[in-house]
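S.K.:
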Amino acid sequence: MYKYIPLAWIQLTYNKTRFVVAISGIAFATLLMFMQLGFQGALYKTAIDIHENFLADIVLTGPRTENLYDAGLHQTFTKRYLTQALQIEGVDSVAPLYIGFGHWKNPYGDNNHQILIFGFDPDKPCFDLTEINQNSEMLKRKDMILFDRLSKPAYGPIVDKFTQGQEIMTEINNQRVKVSGLFSMGGSIFSADGIAIASDFNFSKLMNRPLSKVSSGLIKIKKGADPDKVLKLLKAKFSGGVKVLSMKSYMELEKNYWKNGSPIGSIFTIGTIMGFIVGLVIVYQVLYSEVADNLEYYATLKAIGYGSKYFFKVIIQQSIILSLLGYIPGFLFSVLLYQAVVIIVRLPTQMEFGRAVIVLFLTTVMCSIAGMIATNKLRDGDPADIF
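Oh and the sequence shown: position 119 is 121 in the numbering used here, straight run, nothing missing.
1. Roughly how many angstroms lie between the CA atoms of residue 377 and residue 290, to the nearest whole one?
2. Measure how close the beta-carbons of residue 183 and residue 133 come, nearest whole angstrom, since I'm counting them as under 8 angstroms.
3. In the structure shown, what three-state DSSP assignment does residue 274 receive?
4. Return yes when the Cβ of residue 221 is within less than 8 angstroms of the Cβ of residue 62, no when it is not.
5. Short check: CB of residue 97 to CB of residue 123, under 8 angstroms?
6. Can you tell me whether DSSP reads residue 38 as helix, strand or coil?
7. Verify whether the separation of the beta carbon atoms of residue 194 and residue 118 is less than 8 angstroms.
8. Tell me whether residue 292 counts as near the ligand NAD, meaning its Cβ is closer than 7 angstroms to at least one heavy atom of that ligand.
9. Just to confirm before moving on: does the CB-CB distance between residue 354 and residue 69 stay below 8 angstroms?
10. Starting from residue 372, trace the alpha helix (DSSP H) in both directions and tell me its first and last residue.
11. Skipping 5 residues on each side, what residues in its chain have a beta carbon closer than 6 angstroms to that of residue 31?
12. Using the C-alpha atoms, what's the distance from residue 52 back to residue 187?
13. Does residue 173 come out as helix, strand or coil in the three-state DSSP assignment?
14. For the beta strand (DSSP E) holding residue 227, just list the boundary residues, first then last.
15. Within this structure, are the beta carbons of residue 244 and residue 110 separated by less than 8 angstroms?
16. Could you say which of 364, 94, 126, 346 lies nearest to residue 155 if we only look at CA atoms?
17. What would DSSP say about residue 136, mapped onto helix, strand or coil?
18. Please confirm whether residue 93 and residue 232 have their CB atoms less than 8 angstroms apart.
19. What's the C-alpha gap between residue 108 and residue 120?
20. When you compare only the Cα positions, how much space is there between residue 351 and residue 334?
21. Starting from residue 114, follow the beta strand (DSSP E) in both directions and report where the run begins and ends.
22. I need the straight-line Cα distance from residue 36 to residue 342, nearest angstrom please.
23. Counting only the same chain and skipping the five closest in sequence on each side, list residues whose C-beta sits under 8 angstroms from that of residue 204.
24. At 3 residues or longer, what runs of the beta strand (DSSP E) sit wholly inside the region 9–64?
25. In the DSSP assignment, find the unbroken beta strand (DSSP E) run with residue 87 in it and report its ends.
26. Tell me whether residue 240 is buried or exposed, calling it buried when 16 or more other Cβ atoms sit within 10 Å of its Cβ.
27. On the DSSP bridge list, what partners appear for residue 103?
28. Opposite residue 146 in the DSSP bridges: which residues?
29. Mapping the DSSP letters down to three states, classify residue 327 as helix, strand or coil.
30. Throw me the rounded Cβ distance for the residue 174 and residue 115 pair, which I believe falls under 8 angstroms.
31. What does the Cβ neighbour count give for residue 338, buried or exposed, with the cut at 16 atoms within 10 Å?
32. Roughly how many angstroms separate the alpha carbons of residue 252 and residue 269, rounded to a whole number?
33. Nearest to residue 292 by alpha carbon, out of 161, 33, 236, 375?
34. Excluding sequence positions up to five away, which residues of its chain have a Cβ less than 6 angstroms from the Cβ of residue 331?
35. Which residues share a DSSP beta bridge with residue 317?
36. Can you give me the Cβ contacts of residue 13 inside the same chain, cut-off strictly under 8 angstroms, excluding the 5 residues immediately before and after it?
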């Protein structure tokens, strides 16, 4: 097969301008597919950034909860389920977690922003974050909250002022609160631009919600207990009343919602398809022009005995050459743009081996399809018609 490669290469590179335009177009299509898949992967990853900080092996949620928004807005359940869960063999501890969304007043401006608020009993840790657990006693005081230092700048220069030793008083839902500490969690683009944490009693006051209504129940199992067995016992105990999920399933529930239950997943999938189509059209136009320009030569070769299979191989080889040469700059530019997105937008876009292979496959298929379509032009290369 190697004996055909020189002809494919010579034809591609004969018109230098067309060759460079083709490589640039394929690189752009590859870049577009990389960016769409990169954004999609990053957004799905950040969707569970908060969940990964929960101190739990098993999670109880409302029966119709599909994501963190549901738990924070209306999908609550009664606290008695947690008391009953503590009676299950293998359960070590249970902790109620309260989730809500309030209006944060920028203390250094007149603007308000929605903020995600977590409430928990300071004596029953819910987060695997040292900064939160070290401030648990402080949270017991009236109107005290912790502020996420990874919140967006729109909430005000809270971190800078706090580290300078200034007292920070502001309002949440028109109620005075004091920032008593900082922590690092980082809300996803799906959940919130900022996060605050309060004790359960302060949360109840801020959100005007009774403590009997729980958003999530965080369950730790005893050391040596069988997680699957405990999970089955809890599901049997609470059949239909609440959802009982392993921590892994709880995070998958969140990701699946944004993949399948919202337009987000479809938007990035459509973007990837558009990149594929753009590249397909570009490669087709280039290869069609190559065939049209060399039609007389193909007809001559046909006249001396070369069959259609020969020309088909030449064009497919051109397709593969274009796909590889276009993929390389597209890949390199994608790596650079991923790093820029991390710095500017704070989305964890990074090149992954699996994604690189998928885009390489898509690029190769894209160019091969274009090549196969372009071979239809060979039908016009009949020696009798041309000569």
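By construction, the Cβ of each residue, glycine as well, lies at the ideal position given by its N, Cα and C atoms.
M.R.: The structure says:
1. The sequence position of residue 377 within the sequence shown is 375, counting from 1. The sequence position of residue 290 within the sequence shown is 288, counting from 1. Rounded to whole angstroms, residue 377 to residue 290 spans 8 angstroms at the Cα level.
2. Looking up residue 183 in the sequence shown gives position 181. Looking up residue 133 in the sequence shown gives position 131. So it is a contact: roughly 7 angstroms between Cβ atoms.
3. As a working mapping, residue 274 is identified with position 272 in the sequence shown. Residue 274: helix per DSSP, three-state reduction.
4. In the sequence shown, counting from the first residue as 1, residue 62 sits at position 60. In the sequence shown, counting from the first residue as 1, residue 221 sits at position 219. Yes. Within cutoff.
5. The sequence position of residue 97 within the sequence shown is 95, counting from 1. The sequence position of residue 123 within the sequence shown is 121, counting from 1. Contact flag set, yes.
6. Within the sequence shown, residue 38 is the residue found at index 36, counting from 1. Of the three classes helix, strand and coil, the one that applies to residue 38 here is helix, per DSSP.
7. Position 192 of the sequence shown, counted from the start, is the residue given in the question as residue 194. Position 116 of the sequence shown, counted from the start, is the residue given in the question as residue 118. Yes, they are a contact pair.
8. The ligand NAD is not part of this structure, which contains no ligands at all.
9. Reading the sequence shown from its first residue, position 352 is the one you call residue 354. Reading the sequence shown from its first residue, position 67 is the one you call residue 69. No. Outside cutoff.
10. Taking the first residue of the sequence shown as 1, we reach residue 372 at position 370. First-last of the alpha helix (DSSP H) with residue 372: 355–376.
11. Counted from its first residue, the sequence shown places residue 31 at position 29. So the list reads 277, 280, 281, once near-sequence residues are dropped.
12. Taking the sequence shown and counting its residues from 1, the one referred to as residue 187 is at position 185. Taking the sequence shown and counting its residues from 1, the one referred to as residue 52 is at position 50. Looking at the two C-alpha atoms, the distance is approximately 7 angstroms.
13. What you label residue 173 is simply residue 171 of the sequence shown in a count that begins at 1. Strand at residue 173.
14. Taking the sequence shown and counting its residues from 1, the one referred to as residue 227 is at position 225. Here residue 227 belongs to no beta strand (DSSP E), and DSSP marks it neither H nor E.
15. Residue mapping note: residue 244 aligns to position 242 of the sequence shown, counting from 1. Residue mapping note: residue 110 aligns to position 108 of the sequence shown, counting from 1. Their beta carbons are not under 8 angstroms apart, which means residue 244 does not touch residue 110 by this criterion.
16. To locate residue 155, count along the sequence shown from 1; it is residue 153. Ranking 364, 94, 126, 346 by Cα distance to residue 155 puts 346 first.
17. Locating residue 136 in the sequence shown gives position 134, where the first residue counts as 1. In this structure, residue 136 counts as helix in the three-state DSSP scheme.
18. Numbered from its first residue, the sequence shown carries residue 93 at position 91. Numbered from its first residue, the sequence shown carries residue 232 at position 230. A contact, by the Cβ cut-off of 8 angstroms.
19. Taking the sequence shown and counting its residues from 1, one reaches residue 108 at position 106. Taking the sequence shown and counting its residues from 1, one reaches residue 120 at position 118. Straight-line spacing of the CA atoms in residue 108 and residue 120 works out to 19 angstroms.
20. For the purposes of this step, residue 351 is taken as the residue at position 349 of the sequence shown. For the purposes of this step, residue 334 is taken as the residue at position 332 of the sequence shown. Using only the alpha carbons, I get a separation of about 14 angstroms.
21. For the purposes of this step, residue 114 is taken as residue 112 along the sequence shown, with counting starting at 1. Where residue 114 is concerned, the enclosing beta strand (DSSP E) stretches over 114–122.
22. Counting from 1 along the sequence shown, the entry for residue 36 is found at position 34. Counting from 1 along the sequence shown, the entry for residue 342 is found at position 340. Rounded to the nearest angstrom, the two C-alpha atoms are 14 angstroms apart.
23. The residue labelled residue 204 in the question sits at position 202 within the sequence shown. Answer for residue 204: 121, 141, 144, 145, 146, 147, 179, listed in chain order.
24. 60–63
25. Along the sequence shown, read from residue 1 onward, the residue named residue 87 stands at position 85. No beta strand (DSSP E) contains residue 87, which is instead part of the alpha helix (DSSP H) from 82–87.
26. On the sequence shown, position 238 is the one that residue 240 refers to. Residue 240 comes out buried.
27. One-based indexing of the sequence shown puts residue 103 at position 101. Residue 103 is bridged to 118.
28. The residue given as residue 146 occupies position 144 in the sequence shown. For residue 146, which the question treats as bridged, DSSP gives the partners 180.
29. Position 325 of the sequence shown, counting from 1, holds the residue named residue 327. In the structure shown, residue 327 sits in a helix (DSSP, three-state: H, G or I).
30. The sequence position of residue 174 within the sequence shown is 172, counting from 1. The sequence position of residue 115 within the sequence shown is 113, counting from 1. Actually they are not in contact, since the Cβ atoms of residue 174 and residue 115 sit about 11 angstroms apart, beyond 8 angstroms.
31. Within the sequence shown, numbered from 1, the residue matching residue 338 stands at position 336. Using a 10 angstroms sphere on the CB of residue 338, the tally of other CB atoms stays under 16, which defines it as exposed.
32. What you label residue 252 is simply residue 250 of the sequence shown in a count that begins at 1. What you label residue 269 is simply residue 267 of the sequence shown in a count that begins at 1. About 24 angstroms.
33. Along the sequence shown, one-based indexing puts residue 292 at 290. Checked all of 161, 33, 236, 375; the closest Cα to residue 292 is 375.
34. Looking up residue 331 in the sequence shown gives position 329. 29.
35. Within the sequence shown, numbered from 1, the residue matching residue 317 stands at position 315. In DSSP, residue 317 forms no bridge with anything.
36. Within the sequence shown, the letter at position 11 stands for residue 13. So the qualifying residues of the chain are 292, 296, 316, 320.
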